[in-house]
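In the UniProt record's numbering, the protein residues as written are 1 to 252. Glycine residues also receive a C-beta, built at the ideal position from the N, C-alpha and C atoms. Since the model is a prediction, treat every value here as computed from it, not as a measurement.
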């Protein structure tokens, strides 16, 4: 879908945009089945990738548990689109790339994807941060993430919480221990302006790489999976070396 001028204005003002029903029910069901297979370990990267399994990060509270299934131990699965053709096809869907093109311009590169799992009962928090704190190798600071909900994302199960209008500059980030390397504390931002973005499964949120956001732990009975695909303008300049092994491919 192409964005209207009003939708582009909303994105430019807030640094994020909600797009309902981005996927059809059939597309959503196929995506959920493939993500389940990744989390369960019943599919592996395609031959020739040099990987026995997908690149996974585990929830620290339950890693190695003998009683919790593997799928409920995983926190993030990385680079699915570079490891399996199904996820490449998802990352390059016209439904997604049309929106990205409306925001970045007509020449778009794909960086990668990240599957954020946040399992029921023990899905961990993600502190305030700007994504571009991890990507300072490239300028301008203008990348776009598409966060597609595979499950209904609610306040109860840890939906993403955005700080609108915080996409104008990169803030100094603190260095944290654990899975989240860089982050911000509440005292570093105006947390009173925070908006919890609840999203129905199959819908999406597009956000700027400088928009401050976070998510709370998931103590509910309902898991919350979101597949994020990340894009950059094709005229991006590399100001520091970035030896990303999969490269940055122009997709439009």
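Restricting to Cα atoms, I'd like to know which of 49, 14, 165 and 19 is closest to residue 246. 49
Does residue 14 come out as helix, strand or coil in the three-state DSSP assignment? helix
When you compare the CB positions of residue 133 and residue 202, do they come within less than 8 Å of one another, or not? no
From what residue to what residue does the beta strand (DSSP E) around residue 113 run? 108-116
Is the distance from the Cβ of residue 213 to the Cβ of residue 163 below 8 Å? yes
Counting only runs of 3+ residues fully inside the region 67-95, write out the beta strand (DSSP E) ranges in chain order. 74-78
If you follow the alpha helix (DSSP H) that residue 33 is in, where does it begin and where does it stop? 25-40
Which residue from 109, 215 and 115 puts its Cα closest to that of residue 235? 109
Residue span of the beta strand (DSSP E) that contains residue 126, given as start and end: 126-129
For residue 146, report the span of its beta strand (DSSP E) as first-last. 144-149
CA-to-CA distance, residue 177 to residue 112, given in whole angstroms: 24 Å
If you check the beta carbons only, do residue 77 and residue 146 fall under 8 Å apart? no
For residue 63 and residue 81, I'd like the C-alpha separation in whole angstroms. 25 Å
Would you say the region 213-229 touches the region 41-60, given that touching needs at least three Cβ pairs under 8 Å? no
Flag residue 175 as yes when its Cβ comes closer than 7 Å to any non-hydrogen atom of the ligand MG, and as no otherwise. As presented, the structure is devoid of all ligands, the ligand MG included, so that no description of it is given.
Give the C-beta separation of residue 168 and residue 104 to the nearest angstrom, bearing in mind that I take them to be a contact with Cβ-Cβ under 8 Å. Not quite, the Cβ-Cβ distance comes to about 17 Å (not below 8 Å), so this is no contact.
To the nearest angstrom, how far is it from the Cα of residue 186 to the Cα of residue 128? 7 Å
Rounded C-beta distance between residue 126 and residue 180? I'm assuming under 8 Å. 6 Å
By DSSP, does residue 181 sit in helix, in strand, or in coil? coil
Are residue 102 and residue 161 closer than 8 Å when you measure CB to CB? no
Using CA coordinates, which residue listed in 28, 107, 135 and 229 is at the minimum distance from residue 239? 135
Buried or exposed: which applies to residue 229, given that a residue is buried once 16 or more other Cβ atoms fall within 10 Å of its Cβ? buried
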